[in-house]
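According to this note's numbering, the sequence shown holds residues 1 to 428 in order. Where a beta carbon is used, it is the ideal one built from N, C-alpha and C, also for glycine. First the structure, in the form of C-alpha cells, and then the observations on it.
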Amino acid sequence: MTAIQTSVQGHLEIGGVSTADLVAEYGTPLMVYDENMIRQKAQAFRQAFNESGLDYQVAYASKAFLCKEMVRLAEEELLSLDVVSGGELYTALQAGFPAERIHFHGNNKSEEELVMALEAEIGCFVVDSFLELELLHDLAKERGQHVNILLRVTPGVEAHTHDYIMTGQDDSKFGFGISNGQADRAMQIALCKPNYTVLGIHSHIGSQIFELDGFQQAITVLSDFLQGLRNECDVTLPVLNIGGGFGVRYTEDDKPLPIQTYVKAITDSVKESFGENGYPLPQVWIEPGRSIVAEAGTTLYKVGSKKIIPDLRTYVAVDGGMTDNLRPALYGAKYHAVLANRPNEECTELVSVAGKCCESGDMLIWDLMLPPTNFGDTLAVFSTGAYGYSMANNYNRIPRPAVVFVKDGESRVVIERETYADLVRLDR
Ligand SMILES: Cc1ncc(COP(=O)(O)O)c(C=O)c1O
C-alpha cells in the first residue's frame, strides 16, 4: 500500500497535512485529495504519450470525480475532459474549461443536453445510437453548425473485470456493435451527413483492468474496422479513442501496471496494427478516470459504536458509509484502511467496518486488522478518490461529506459539506 507519512505527533499525513488537523478543521466524514498525486498521474499519462511520438489527447473521465476545482486542475494539466451528462458539462463550463477540449459521451443524451453542448460548441460528440446520429445532426443543421463526432463501437472484447464495469462485449448497452454490422451501418450514415465531421471511432472495454490483452485485442478489431472502411470507401479517419479502464491499487491483492506500461502497450499496438496495414498512424485519445484520482483520495471517518459478537465478529461503525462510498455495496469492492491517529500501532484486532446507514449491506470493509479501536478514533480508508464522491447520495437523508484538496502542507475546501438545510432545500 501507499507508504504511510506521519506527522511529528504520529498522525497520518496526506500532502504534508496532518489528518488530525484536517479532522479538527473540517470534521468527518471527509474526502481528502492529494492534489500533487492527481497532477503526477495526469503528467505520467502525457509523458508516456510524448515518448510514443504519436499525436494524442488524454481526456479525464469526469464521472470518476468532478467539481469546479477538479476541472481547473484538469485544464492546468492540459487534459481534455470526457463528460457524460448535462450536469458534468455544466460544471465544466461553469469552471471555464475550454469547450473545444470537451468530449460528450452517453448512451442516451437528451435533446436538451445535445442543445447545451451545441451552444457551447464542444470539441467532439461521441455518438452512441442511431437515434442520436439523426437527432444530433438535425439539431446541428437547424443551427447551421458543423460538429465533430466519434462513433462509439463495441469491439466484442471481454475485459477481465467486474460485470457491472465491463462494456466492450457484444451484449452491451453502449455503442454500435462491430460483429453485428451495426457499426458499419452507422458509419455509412454518419459519413453521408453534411454537418458531421467524422473524426474516428471510440471504444471503452471496461474499468479496473489489470491486463493489457483486452486493450490490444480491441485495437486490432478497431484498426481492422478502419482499414476496412479505407478499402471499401477510401475514407481515412484520423482519431482512435481507446477509452479508459486502467486499474488501480485498492488492496495488496491488486497489481496495477504502471501508467507508462499501459500507454506503451496501447501505442505499440496502434503502431503495429495500423503500420502493418499501411494506415496513417492515428491520433490516440484515451479517457482515464480512476487511474487519475482513485489513489489520490482518502476518506476520513470518526469511529463510533463497536459491537463485539463473541466468536463471530467485531463490528466497528463509522460516521459515513454507502452514502459517501457506494462501491462496496454496489460491486463488493474492497478497500484498505488504517487508524489515522495511530497508524503505526500494532494491528491486533480483526474488525469489520460498518457504515451508518440502516442497511445491512452498508459495510465498507470486511475483516480488517486494526489496533484496538476506541470511540473517537479516526479511520482513514485509502484509494476512495474515484467513483466515491461522484456516487455519493443522501440515503437515510445523510448529508454528503466535505471534500478538501491538500498540497504542500496546505488544505482547501473544494466542495462544502452538505447541511441538513441543504437536504430540505428542494422539499415543498
Ligand atoms: C466511456 C468511458 N470512458 C472512460 C471511462 C473511465 O474509466 P476508468 O475510470 O476506469 O478509467 C468510463 C468509465 O466508466 C467510460 O464509460
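Report yes or no: do the stretch 281 to 290 and the stretch 232 to 242 share at least 3 C-beta pairs separated by less than 8 Å? Contact check between the stretch 281 to 290 and the stretch 232 to 242: three or more CB pairs, one atom from each, fall below 8 Å, which counts as touching.
C233, enclosing alpha helix (DSSP H) - first and last residue: D213 to C233 is the span of the alpha helix (DSSP H), which, as asked, contains C233.
Where L133 falls, given that 16 or more other Cβ within 10 Å makes a residue buried: Under this definition L133 is a buried residue.
For E100 and L350, what's the separation of their Cα atoms in angstroms? 52 Å
Pairing CB atoms from the stretch 417 to 424 with CB atoms from the stretch 83 to 102, are three or more of them under 8 Å? With the rule of 3 Cβ pairs closer than 8 Å, the stretch 417 to 424 does not count as touching the stretch 83 to 102.
For R152, the residue or residues it bridges with in DSSP: The partner list for R152 (beta bridge, DSSP) reads H202.
Of the choices N50, L79, E113 and N36, whose alpha-carbon is the least far from that of G87? E113
Close Cβ partners of P399 (< 8 Å) along its chain, the five nearest in sequence each way excluded: Sequence-distant partners of P399 (beyond 5 residues in either direction) whose C-beta falls short of 8 Å from its own C-beta, in its chain, are R417, E418, T419, Y420, D422 and L423.
For a test of the three-state rule: what should DSSP assign to M363, helix, strand or coil? strand
Report yes if the C-beta of H162 is less than 8 Å from at least one heavy atom of ligand 1; otherwise report no. no
Reduced DSSP secondary structure (H/G/I, E/B, other) of F274: helix
What residues are listed by DSSP as bridge partners for E13? Q5 and S18
Segment limits, beta strand (DSSP E) that includes Q436: The chain is shown only over 1 to 428; residue 436 falls outside these bounds and no answer can be derived.
Three CB pairs or more closer than 8 Å across the stretch 191 to 198 and the stretch 176 to 183: With a cut-off of 8 Å, the stretch 176 to 183 and the stretch 191 to 198 do not count as touching, because too few Cβ pairs lie within range.
First through last residue of the alpha helix (DSSP H) which encompasses N50: First-last of the alpha helix (DSSP H) with N50: E35 to S52.
Close Cβ partners of A64 (< 8 Å) along its chain, the five nearest in sequence each way excluded: G289, R290, I292, V293, A294, G385, A386, Y387 and S390
Closest to L135 by C-alpha separation, out of V115, C124 and A120, would be which residue? Here the closest residue by C-alpha is V115.
When every heavy atom of ligand 1 is checked, does at least one fall within less than 8 Å of the C-beta of E287? yes
Tell me which residue opens and which closes the alpha helix (DSSP H) that L423 is part of. For L423, the enclosing alpha helix (DSSP H) covers residues Y420 to V424.
Relative to ligand 1, is the shortest distance from any of its heavy atoms to the C-beta of F45 smaller than 8 Å? no
State the DSSP-derived secondary structure class of H137, mapped to helix, strand or coil. helix
With hydrogens ignored, establish whether the beta-carbon of C63 is closer than 8 Å to any heavy atom of ligand 1. It should be pointed out that residue 63 corresponds to Lys in this sequence rather than to Cys. True, at least one ligand heavy atom lies under 8 Å from that Cβ.
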